[in-house]
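Residue numbers (this note's numbering), protein chains in the order written: chain A, 7 to 233; chain B, 9 to 339.
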């Protein structure tokens, strides 16, 4: 019973927050609702028995991707009045495009035919002999499809190197810190242990001279003082 | 009926964890002030109660009685939500921490991932607070904090992976049991040191407390907060410290295990050992605060990306290589 209630609770919040992502006026609120939607999706994964996927969803999407989203959206300089300026004029075009997309989606959904064994596989954890789904996923990824997995990794690596190559420029004016040079520098600073008081004589540092006794001010009265 | 009983039992266990935890947070602030006082040849809090022992309660009461101020330019909902997020995230991590053999609220088999997820969410309380305050200082603090936490999470993740390879499980109790005979701090000593430093960065503590850099940001993200909202941030930060100390003792210091498996040590029950280990790690937190100067921001980023990340990645490769070569992989 609890699992059933939890499912409807999480599914309800998921759909509500997904709607709020699209409709909320403030983009930061939109991203925060998106995060709420991710959380509820993770909870649905948990109910379906896919605890590894649930945790990865939270770690990758909520913990990393959404933080960057939030970062960017918070930095945007948005003028809300200008954003809604062309709404009346563009609304018919938007409605037409939306309608076409909806019809296409309905066509695809209507023509979809499930594989005959799909119903049996649905929501069934891959647990042949009591292995956890972390192990099951690990076997699939690293044993059965290891070459495909490695190729995917290489593609990501190429994308990363591409991004670095495109953005890295060596400007001659840039100042860089050379940590190795800083650490390797020696000679100017020496640490020694000296008994209290001996350091003064040994290093030749004299005590600071006592301040001279204040002299009585000799004011010369030259006639025209400004009193 | 059985379900009602189950819920009631869970609530009681949660209270048994949360109430001592909050007390621990209160006295952690006291311990911090005492230890730093001793290191700086001062006495620390002395006047409220014997040896100043009632000081945390007095501080709490003072914060409770102050006025809650919401700045007029603030985004009200998020402004109020942010301290709650910080505080709740600091508490829910404790659900999977094993205090002894079988003494755990939820013994889930992805415990490490759960903790990692929770600690990576900690950034939201700070970034929401910084943005909603509508203040330059708070926003700068929040930006620094999120960049810092995202960077150090990567090295923490890789460090955890080398521990997991050795333990062969994602379940925290199983990780502790795998350390019987040899705590992971010995084979993974370099990673232990890296974890200690990343832990300081992840909880925004000295010497990596750039987000609340008093000298340049007037305490950063929480500058606009007062009263209980501020207190929730404070409690959250310290509860997070205790949580990270607990994670550290589970991953490296053998959790509830006694240091030696023979008689005088095994008389002391596991939870006591666990708490002692947490206290030892917390002392390192305070020690670092008392002795180390604050990092410069670019140095902090350099340390995370150019030193910790390659080192921990190398250690994952070395660990898996050794485990495969000597056929030590856990089955």
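For each residue, glycine too, the CB sits at the ideal point set by N, CA and C.
Because the structure is a prediction, the values reported are computed rather than measured.
Given residue i as reference, the closest of the options once Cα atoms are compared
| i | options | result |
| --- | --- | --- |
| residue 256 of chain B | B:63, B:301, B:203 | B:203 |
| residue 114 of chain B | B:326, B:104, B:308 | B:104 |
| residue 122 of chain B | A:75, A:63, A:166, A:161 | A:63 |
| residue 139 of chain A | B:117, B:25, B:73, B:98 | B:117 |
| residue 65 of chain A | B:141, B:281, B:314, B:128 | B:128 |
| residue 276 of chain B | B:39, B:108, B:172, B:331 | B:108 |
| residue 33 of chain A | A:176, A:53, A:76 | A:76 |
| residue 163 of chain B | B:336, B:337, B:319 | B:319 |
| residue 68 of chain B | B:30, B:24, B:227, B:334 | B:30 |
| residue 259 of chain B | B:285, B:235, B:219, B:81 | B:285 |
| residue 214 of chain B | B:294, B:82, B:72 | B:294 |
| residue 234 of chain B | B:165, B:74, B:148, B:288 | B:74 |
| residue 184 of chain A | B:41, B:307, B:267 | B:307 |
| residue 140 of chain B | A:24, A:81, A:59 | A:81 |
| residue 61 of chain B | B:80, B:32, B:88, B:85 | B:32 |
| residue 182 of chain B | B:323, B:111, B:300 | B:111 |
Counterpart residues of residue i in DSSP-defined beta bridges
| i | result |
| --- | --- |
| residue 108 of chain B | B:111 |
Unbroken alpha helix (DSSP H) run spanning residue i, endpoints
| i | result |
| --- | --- |
| residue 191 of chain A | Neither: residue 191 of chain A is in no alpha helix (DSSP H) and is coded neither H nor E. |
| residue 214 of chain B | No alpha helix (DSSP H) contains residue 214 of chain B, which DSSP labels as neither H nor E. |
| residue 201 of chain A | Counting along the chain, residue 201 of chain A falls outside any alpha helix (DSSP H), and DSSP gives it neither H nor E. |
| residue 304 of chain B | Note, residue 304 of chain B: premise wrong, no alpha helix (DSSP H); not H, not E. |
| residue 248 of chain B | 235-259 |
| residue 110 of chain A | 93-117 |
| residue 33 of chain A | 33-53 |
| residue 61 of chain B | No alpha helix (DSSP H) holds residue 61 of chain B; DSSP gives it neither H nor E. |
| residue 285 of chain B | 278-299 |
| residue 162 of chain A | 152-173 |
| residue 122 of chain B | 119-140 |
| residue 39 of chain B | 10-47 |
Expected contact under 8 Å - CB spacing of residue i and residue j to nearest Å
| i | j | result |
| --- | --- | --- |
| residue 184 of chain B | residue 157 of chain B | Actually they do not touch by this definition, with Cβ atoms about 26 Å apart. |
| residue 126 of chain B | residue 153 of chain B | About 16 Å separates the two Cβ atoms, so there is no contact after all. |
| residue 241 of chain B | residue 248 of chain B | Not really, about 11 Å apart at Cβ, beyond 8 Å. |
| residue 209 of chain B | residue 246 of chain B | Not a contact, Cβ separation roughly 16 Å. |
| residue 172 of chain B | residue 120 of chain B | 7 Å |
| residue 298 of chain B | residue 48 of chain B | 7 Å |
Counted within 10 angstroms of its Cβ, other Cβ atoms place residue i as buried (16 or more) or exposed
| i | result |
| --- | --- |
| residue 168 of chain B | buried |
| residue 68 of chain A | buried |
| residue 137 of chain B | buried |
| residue 151 of chain A | exposed |
| residue 217 of chain B | buried |
| residue 192 of chain A | exposed |
| residue 18 of chain B | exposed |
| residue 230 of chain A | Confidence in residue 230 of chain A is poor, its pLDDT being 49 and thus under 50, which makes the residue's placement unreliable; the coordinate value appears in the next sentence. Per the 10 Å Cβ criterion, exposed. |
| residue 206 of chain B | buried |
| residue 200 of chain B | buried |
| residue 143 of chain B | buried |
| residue 43 of chain A | buried |
| residue 264 of chain B | buried |
Closer than 7 Å: residue i CB and nearest the ligand NAD heavy atom
| i | result |
| --- | --- |
| residue 54 of chain A | You won't find the ligand NAD in this model; it holds no ligand whatsoever. |
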